[in-house]
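Visitor:
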Amino acid sequence: MNTIKLKGTDDTPGVTLDIENNIFEISGRSMPEDVSEFYQPILDWIDTEMKKYKDKIVFAFKMNYFNTASSKLLLDILIRLEKMVANGQDVSVHWYYDEDDEDMMEAGEEYAEIVEVPFEIKVN
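When we follow the working numbering, the leftmost residue of the sequence shown carries the number 41, and every step to the right adds one.
Here it is, written out as structure tokens:
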């Protein structure tokens, strides 16, 4: 199985997509210069690798900031997860935010309203 493991930077989130260890997480700041170029391999990986996965998937978002361009790509990820749920896969989202970060809490609430995926919003 292919694994994606990207260390976060000042402008890009850390990403771990690891089927073998059942870890699916995006964390940190997301404001890459070319948001499509950064997220396309992640979207492709979800389309190819995750759709074959039969165990329960908990996809964790631990963002502390993302720009408008990134918000669209995060939604694209959530839409793919929604399609997996519609196809019978056991997928849920855990959206983490820092206790004093109302913006990230509200972002999670907004995403939860948009997609039909079991969604938990949790304090870090």
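Note that CB positions come from ideal geometry on N, CA and C, so glycine has one too.
I need the DSSP call for Met71, collapsed to helix, strand or coil.
Guide: Taking the first residue of the sequence shown as 1, we reach residue 71 at position 31. The answer is coil: DSSP assigns Met71 none of H, G, I, E or B.
Visitor: Once DSSP output is grouped into helix, strand and coil, what is the label at Thr56?
Guide: As a working note, residue 56 is residue 16 in the sequence shown. The answer is strand: DSSP assigns Thr56 an E or B state.
Visitor: Would you mind giving the Cβ-Cβ distance between Asp95 and Pro72, rounded to the nearest angstrom? I have them listed as a contact below 8 Å.
Guide: Translated into the one-based positions of the sequence shown, residue 95 becomes position 55. Translated into the one-based positions of the sequence shown, residue 72 becomes position 32. The pair is not a contact, with the Cβ atoms about 30 Å apart (cut-off 8 Å).
Visitor: So the alpha helix (DSSP H) Val125 belongs to, where does it begin and stop?
Guide: The count along the sequence shown starts at 1 and reaches residue 125 at position 85. Segment Thr108 to Ala126, the alpha helix (DSSP H) holding Val125.
Visitor: Any idea what DSSP makes of Ile47, helix, strand or coil?
Guide: One-based indexing of the sequence shown puts residue 47 at position 7. Reading the sequence as shown, one finds Lys at residue 47 and not Ile. Three-state DSSP puts Lys47 in coil, outside helix and strand.
Visitor: Cα separation between Met124 and Gln80?
Guide: The residue you call residue 124 lines up with position 84 of the sequence shown. The residue you call residue 80 lines up with position 40 of the sequence shown. Approximately 18 Å, taken between the alpha carbons.
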